[in-house]
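Undergrad: Dropping a structure here in structure tokens format, bear with me for questions.
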Amino acid sequence: MQLRQSLAFALATLITLSAAGTGYAKDGKKSWLDGMKVGVQLGYFNQVDNGSIPQLDENGSVFQAMLMLDTPLTKEDHITIRAILDVISSASIVRDHNQSWRALQSEATGDVHFDGQVGYRHDDNVWGVGTHVGGSGDFAYQSGAFGADGWVSFFEKDTTLAYSLEGYYASLQMIRFDGHYDPAQTRTTLTQALTLTQVLTPLTVFYLALNYTHQDGFLAGMFNSVFIDGVEAVENLPSTRERGSATVRVKQGIGEDQALELGAREYFDDWGLLAFTAMSTYSLYLFEHMLLIDLGYRYHHQAGLDYYQKSFTADPNRVFQTSDADLAPLDGHQGTLRLTFSNELFSKETSETGGVTVEGDYYTRSNGLDMMWLLLGYRGEF
Numbered sequence: 316m317q318l319r320q321s322l323a324f325a326l327a328t329l330i331t332l333s334a335a336g337t338g339y340a341k342d343g344k345k346s347w348l349d350g351m352k353v354g355v356q357l358g359y360f361n362q363v364d365n366g367s368i369p370q371l372d373e374n375g376s377v378f379q380a381m382l383m384l385d386t387p388l389t390k391e392d393h394i395t396i397r398a399i400l401d402v403i404s405s406a407s408i409v410r411d412h413n414q415s416w417r418a419l420q421s422e423a424t425g426d427v428h429f430d431g432q433v434g435y436r437h438d439d440n441v442w443g444v445g446t447h448v449g450g451s452g453d454f455a456y457q458s459g460a461f462g463a464d465g466w467v468s469f470f471e472k473d474t475t476l477a478y479s480l481e482g483y484y485a486s487l488q489m490i491r492f493d494g495h496y497d498p499a500q501t502r503t504t505l506t507q508a509l510t511l512t513q514v515l516t517p518l519t520v521f522y523l524a525l526n527y528t529h530q531d532g533f534l535a536g537m538f539n540s541v542f543i544d545g546v547e548a549v550e551n552l553p554s555t556r557e558r559g560s561a562t563v564r565v566k567q568g569i570g571e572d573q574a575l576e577l578g579a580r581e582y583f584d585d586w587g588l589l590a591f592t593a594m595s596t597y598s599l600y601l602f603e604h605m606l607l608i609d610l611g612y613r614y615h616h617q618a619g620l621d622y623y624q625k626s627f628t629a630d631p632n633r634v635f636q637t638s639d640a641d642l643a644p645l646d647g648h649q650g651t652l653r654l655t656f657s658n659e660l661f662s663k664e665t666s667e668t669g670g671v672t673v674e675g676d677y678y679t680r681s682n683g684l685d686m687m688w689l690l691l692g693y694r695g696e697f
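Residue numbers (our numbering): 316 to 697.
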């Protein structure tokens, strides 16, 4: 249950190089790095099983490393690069009948997952457009991605409308719960988002987002299973899914050093899953805005999927069946503490852009799964 030493060394080196870089060559002239923005983030995720499904042990841990680069071509044009590496380092589902086969629901123990993306952006004074392509994969999952987005501002930038389109095509190696292989399957996902950001007063901002997602292909979990009269069988879910959500947030400044943000989100899909989320964040600046403290709370309630049960009895008329804990009826409570340190706090010679972020989250759910994650990030500009 530890991150490989070679990965840790590489990430530590990357952070050091990112933080120490300058935008000038030895002769004082600007180098090709001038203006480049760098972001590095390390994450640790841990899932604790407190009795979700009796037959399964769903404890698991994931380590994540992320690198983000934004390189200016001109004042308005930028190239963006993102790379993410996930390492699953602990056993999760330990099956009573097959102790040698260990898998996390939708992931495999020991798996290394990589995600990469490259994009182009043009941001003018009152409008912008962008596009990107990418890919991700591990030993059982390979995916290609594309996306495009645009935004435009009105009324002296008090009103901003934005639209984005994301598409994914994935190939899945069908490694089942007992280790046997079925023929490979595919999955297609297309997501659209429309957002409105409205400045109501100098201290008040309103945000509205509408999202729609269409999926088709193999939509069940490759490794997922159900228990029917005590006998393990494969999960089965429909081959299409229509999903939608609406999010509203209002952020209110309180003087120069504080802000309170309140929000709500409603989710629905044609599988019968309904969910409501309420969220709040209190923000406080200290030390002349060199330290930002964010305290967040999130409440999540979902009714559960029509096809979900913890266990099943035999029924020849039943077509779809799942015991995926993420599709169960549940109530969840999440607390967040985030500290963001300005680069100026460490050195007056560094860029004012960016800083160091430390975040801790704990999420407890009524269906027996608790989660916690820790994040350490750095943002800077050459």
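Glycine included, every Cβ here is placed at the ideal spot set by N, Cα and C.
Note that the structure is predicted; figures quoted are calculated from it, not measured.
CA-CA distance, residue 459 and residue 571?
TA: Counting from one through the sequence shown, the residue named residue 459 turns up at place 144. Counting from one through the sequence shown, the residue named residue 571 turns up at place 256. Taking the straight line joining both Cα atoms gives about 44 Å.
Undergrad: Name, in chain order, the residues that DSSP records as bridge partners for residue 361.
TA: Your numbering for residue 361 matches position 46 in the sequence shown. Partner(s): 376, 687.
Undergrad: In this structure, does DSSP put residue 382 in helix, strand or coil?
TA: Mapped onto the sequence shown, residue 382 falls at position 67. Strand.
Undergrad: To the nearest angstrom, report how far apart residue 617 and residue 623 are at their CA atoms.
TA: Mapped onto the sequence shown, residue 617 falls at position 302. Mapped onto the sequence shown, residue 623 falls at position 308. The alpha-carbon atoms of residue 617 and residue 623 are separated by roughly 12 Å.
Undergrad: Closest by CA to residue 433, which one among 399, 456, 441?
TA: Within the sequence shown, residue 433 is the residue found at index 118, counting from 1. With distances taken between Cα atoms, residue 433 lies closest to 399.
Undergrad: Buried or exposed: where does residue 362 fall if 16 or more other Cβ atoms within 10 Å of its Cβ makes it buried?
TA: Here residue 362 is taken as the residue at index 47 of the sequence shown, counted from 1. The residue in question, residue 362, is buried, as its Cβ has 16 or more Cβ neighbours within 10 Å.
Undergrad: Could you tell me whether the stretch 512-523 touches the stretch 602-621, using the rule of 3 or more Cβ pairs below 8 Å?
TA: The stretch 512-523, when compared against the stretch 602-621, does not touch it at the 8 Å Cβ threshold.
Undergrad: Hey, how far is the Cα of residue 645 from the Cα of residue 470?
TA: Position 330 of the sequence shown, counted from the first residue, corresponds to residue 645. Position 155 of the sequence shown, counted from the first residue, corresponds to residue 470. Their Cα atoms are separated by approximately 43 Å.
Undergrad: Would you identify the three-state DSSP class for residue 641, choosing helix, strand or coil?
TA: Residue numbering aside, residue 641 sits at position 326 when the sequence shown is read from its first letter. In the structure shown, residue 641 sits in a helix (DSSP, three-state: H, G or I).
Undergrad: Which two residues bound the contiguous beta strand (DSSP E) that contains residue 636?
TA: In the sequence shown, residue 636 corresponds to position 321, counting from 1. Taken as a continuous stretch (DSSP letters only), residue 636 belongs to no beta strand (DSSP E), as it is neither H nor E.
Undergrad: I need the straight-line Cα distance from residue 431 to residue 601, nearest angstrom please.
TA: For the purposes of this step, residue 431 is identified with residue 116 of the sequence shown, where counting begins at 1. For the purposes of this step, residue 601 is identified with residue 286 of the sequence shown, where counting begins at 1. Roughly 36 Å separates the two Cα atoms.
Undergrad: Where does residue 576 fall in DSSP's three states?
TA: Counting from 1 along the sequence shown, the entry for residue 576 is found at position 261. Residue state, collapsed to three classes: strand.
Undergrad: Provide the residue(s) that pair with residue 609 in DSSP beta bridges, ordered along the chain.
TA: On the sequence shown, position 294 is the one that residue 609 refers to. Residue 609 is bridged to 598, 653.
Undergrad: Have a look at 465, 641, 542 and flag the residue whose alpha-carbon is nearest the alpha-carbon of residue 492.
TA: Taking the first residue of the sequence shown as position 1, residue 492 is located at position 177. Of the listed residues, the one whose Cα sits closest to residue 492 is 542.
Undergrad: Have a look at 354, 574, 427, 506 and flag the residue whose alpha-carbon is nearest the alpha-carbon of residue 560.
TA: Working through the sequence shown from its first residue, we reach residue 560 at position 245. Selected option, being the one with the closest Cα: 506.
Undergrad: Identify the residues that DSSP records as bridge partners of residue 506: which are they?
TA: Counting from 1 along the sequence shown, the entry for residue 506 is found at position 191. BP columns for residue 506 point to 481, 528.
Undergrad: Taking the alpha-carbon positions, what's the residue 555 to residue 455 distance?
TA: For the purposes of this step, residue 555 is taken as the residue at position 240 of the sequence shown. For the purposes of this step, residue 455 is taken as the residue at position 140 of the sequence shown. Their backbone Cα atoms lie some 21 Å apart in a straight line.
Undergrad: Answer yes or no: do residue 508 and residue 524 have a C-beta to C-beta separation smaller than 8 Å?
TA: Within the sequence shown, residue 508 is the residue found at index 193, counting from 1. Within the sequence shown, residue 524 is the residue found at index 209, counting from 1. Cβ atoms of residue 508 and residue 524: closer than 8 Å.
Undergrad: Could you check whether residue 621 and residue 550 sit closer than 8 Å to each other, using their CB atoms as the reference points?
TA: By 1-based counting over the sequence shown, the position of residue 550 is 235. By 1-based counting over the sequence shown, the position of residue 621 is 306. No, the Cβ-Cβ distance between residue 550 and residue 621 is not below 8 Å.
Undergrad: Name the two residues that bound the continuous beta strand (DSSP E) containing residue 451.
TA: Position 136 of the sequence shown, counted from the first residue, corresponds to residue 451. Counting along the chain, the beta strand (DSSP E) containing residue 451 begins and ends at 442-452.
Undergrad: By how many angstroms is the C-alpha of residue 615 removed from the C-alpha of residue 685?
TA: Taking the first residue of the sequence shown as 1, we reach residue 685 at position 370. Taking the first residue of the sequence shown as 1, we reach residue 615 at position 300. Taking the straight line from one Cα to the other gives about 13 Å.
Undergrad: Mapping DSSP to helix, strand and coil, what is residue 658?
TA: In the sequence shown, residue 658 corresponds to position 343, counting from 1. Three-state result, residue 658: helix.
Undergrad: Hey, residue 613 and residue 649: beta-carbon distance below 8 Å or not?
TA: Here residue 613 refers to the residue found at position 298 of the sequence shown. Here residue 649 refers to the residue found at position 334 of the sequence shown. Result yes, Cβ atoms of residue 613 and residue 649 sit closer than 8 Å.
Undergrad: Checking the sheet assignment: what are the DSSP bridge partners for residue 398?
TA: Stepping through the sequence shown from its first residue, residue 398 is reached at position 83. For residue 398, which the question treats as bridged, DSSP gives the partners 382, 431.
Undergrad: For the beta strand (DSSP E) that contains residue 457, what are its first and last residues?
TA: The sequence position of residue 457 within the sequence shown is 142, counting from 1. Residue 457 -> beta strand (DSSP E) spans 456-469.
Undergrad: Just reading off the beta strand (DSSP E) that residue 624 is part of, what are its end residues?
TA: The residue given as residue 624 occupies position 309 in the sequence shown. Looking at the DSSP string, residue 624 is not in any beta strand (DSSP E), and its letter there is neither H nor E.
Undergrad: Rounded to whole angstroms, what is the Cα-Cα separation between residue 386 and residue 633?
TA: Taking the first residue of the sequence shown as 1, we reach residue 386 at position 71. Taking the first residue of the sequence shown as 1, we reach residue 633 at position 318. Their backbone Cα atoms lie some 54 Å apart in a straight line.
Undergrad: Can you give me the Cβ contacts of residue 619 inside the same chain, cut-off strictly under 6 Å, excluding the 5 residues immediately before and after it?
TA: Position 304 of the sequence shown, counting from 1, holds the residue named residue 619. Counting only Cβ-Cβ distances below 6 Å, and skipping sequence neighbours, we find 643, 644.
Undergrad: Of the residues 659, 544, 675, which one's Cα is nearest the Cα of residue 653?
TA: Stepping through the sequence shown from its first residue, residue 653 is reached at position 338. When only C-alpha atoms are compared, the closest one is 675.
Undergrad: Below 8 Å on the Cβ atoms is my contact criterion, and I expect residue 566 with residue 576 to pass it. Report the Cβ-Cβ distance as a whole number of Å.
TA: The count along the sequence shown starts at 1 and reaches residue 566 at position 251. The count along the sequence shown starts at 1 and reaches residue 576 at position 261. Right, the Cβ-Cβ distance comes to about 4 Å (below 8 Å), so this counts as a contact.
Undergrad: Should residue 540 be labelled buried (16 or more other beta-carbon atoms within 10 Å of its own) or exposed?
TA: Locating residue 540 in the sequence shown gives position 225, where the first residue counts as 1. Burial call: buried.
Undergrad: By how many angstroms is the C-alpha of residue 627 removed from the C-alpha of residue 427?
TA: For the purposes of this step, residue 427 is taken as residue 112 along the sequence shown, with counting starting at 1. For the purposes of this step, residue 627 is taken as residue 312 along the sequence shown, with counting starting at 1. Distance between the alpha carbons of residue 427 and residue 627: 33 Å.
Undergrad: Helix, strand or coil, according to DSSP, for residue 539 in the structure here?
TA: Numbered from its first residue, the sequence shown carries residue 539 at position 224. In this structure, residue 539 counts as coil in the three-state DSSP scheme.
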